[in-house]
Amino acid sequence: MTDNDIRTEANDPMVLPPEEAHRLVAGAPWQRYAVLGDSIARGVGDPSPGYARTGWADRVAATLSSSNPALAYLNTGRIGATTAQLRTEQLWQVLDFEPDLVHVNCGGNDLFLPGGNLDDLRTNLDALFGALARSGAQICTFTLADVWEVERMLPMRPMRDRMSALNDIVRELAGRYDAILVEFWDHPVRRRPDLMSADLIHFTTSGYAVVASEMVRALHNHLSARAEEPAH
């Protein structure tokens, strides 16, 4: 692509073509996929010309369904949800669903609230990850992208250090609970001038297309690594 080309989902170099995404998860063992979290989990964001109006989680579910049409999918994400609300309102619904693959995406709203603190956030996320791990589900998650370099994000820049600290907690828990972790903090998508919605909080649908592609790549890499492990 050149600077004069119009970027769309069909030619975006960061977005997997559908046939490649399907190939990467062909034969994936998961039968029940759940996502819990906040508005990012729901895929809230402004539409992007040339991209489907679809959140990242729905995209991942559709890709997994391409090799397993019987896949069951549940997304309990709710706009404005905090980690405490995930524990009381979403966790048990997800556990009742009995997923074997589950994505946790939350924490930003805690830090937007007056009095929100990292200790409570860590406690709540640890409880969520722990309960899901004990259920036997494979957990996956991702870090937030460092979008604050772009000039239009200047009004939100005071949040950067707090969101970086949230990412540190997510990395810590991902390691503790053997979660699949996708790193977006320094991903090149963060520099795209059309990445953020007008609210300066959520990705546009073009950004969610990239998130979905990275999640599919991560699931593929996880399966490949497990396949290479020696038999016990």
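Letter by letter, the sequence shown follows residues 6 to 237 in the numbering used here.
Backbone N, C-alpha and C define an ideal beta-carbon position, used for all residues, glycine too.
These figures come from a predicted structure and were not determined experimentally.
With distances taken between CB atoms, is the gap from residue i to residue j smaller than 8 Å?
i: Arg5; j: Asn122; result: In the structure as shown, the chain starts at 6 and stops at 237, and residue 5 therefore has no counterpart that could be examined.
i: Tyr78; j: Thr13; result: no
i: Ala33; j: Ser72; result: yes
i: Val175; j: Val194; result: no
i: Thr81; j: Gln98; result: yes
i: Leu41; j: Gln90; result: no
i: Val187; j: Glu154; result: no
i: Leu116; j: Arg162; result: no
i: Leu21; j: Val221; result: yes
i: Asp17; j: Thr209; result: no
i: Arg64; j: Ala203; result: no
i: Gly112; j: Leu171; result: yes
Express the C-alpha separation of residue j and residue i in angstroms, rounding to a whole number.
i: Leu159; j: Ser44; result: 22 Å
i: Ala62; j: Gly212; result: 12 Å
i: Gly60; j: Phe147; result: 15 Å
i: Met6; j: Asp124; result: Bear in mind that a pLDDT of 49 at Met6, under 50, signals an unreliable position, so the model cannot answer this.
i: Leu126; j: Asp173; result: 12 Å
i: Leu76; j: Asn114; result: 30 Å
i: Leu178; j: Ala138; result: 11 Å
i: Leu133; j: Ala26; result: 29 Å
i: Asp8; j: Ala31; result: Bear in mind that the predicted position of Asp8 carries a pLDDT of just 43, short of 50, making it unreliable; the figure below should be weighed with that in mind. Using only the alpha carbons, I get a separation of about 35 Å.
i: Trp262; j: Pro74; result: Look at the range of the chain in this structure, 6 to 237, and you will see that residue 262 is not part of it.
i: Ala67; j: Met164; result: 33 Å
i: Arg28; j: Arg47; result: 25 Å
Would DSSP call residue i helix, strand or coil?
i: Leu205; result: coil
i: Asn110; result: strand
i: Phe117; result: helix
i: Ala31; result: coil
i: Tyr213; result: helix
i: Asn129; result: helix
i: Val99; result: helix
i: Phe189; result: coil
i: Ile174; result: helix
i: Leu79; result: strand
i: Gly55; result: coil
i: Met6; result: The predicted model places Met6 with a pLDDT of 49, which falls under 50 and marks its position as unreliable, so this point remains unresolved.
i: Asp151; result: coil
Write down the C-beta distance between residue i and residue j rounded to the nearest angstrom, noting that I regard them as a contact closer than 8 Å.
i: Ile84; j: Val109; result: Ile84 to Val109, Cβ: 17 Å. No contact.
i: His192; j: Ala136; result: Their Cβ separation, rounded to whole angstroms, is 29 Å, which puts His192 and Ala136 out of contact at 8 Å.
i: Asp105; j: Trp35; result: 5 Å
i: Tyr182; j: Ile144; result: 6 Å
Going by DSSP, which residues form a beta bridge with residue i?
i: Thr93; result: DSSP, once it has assigned bridges, lists no residue as partnering Thr93.
i: Gln143; result: Leu106
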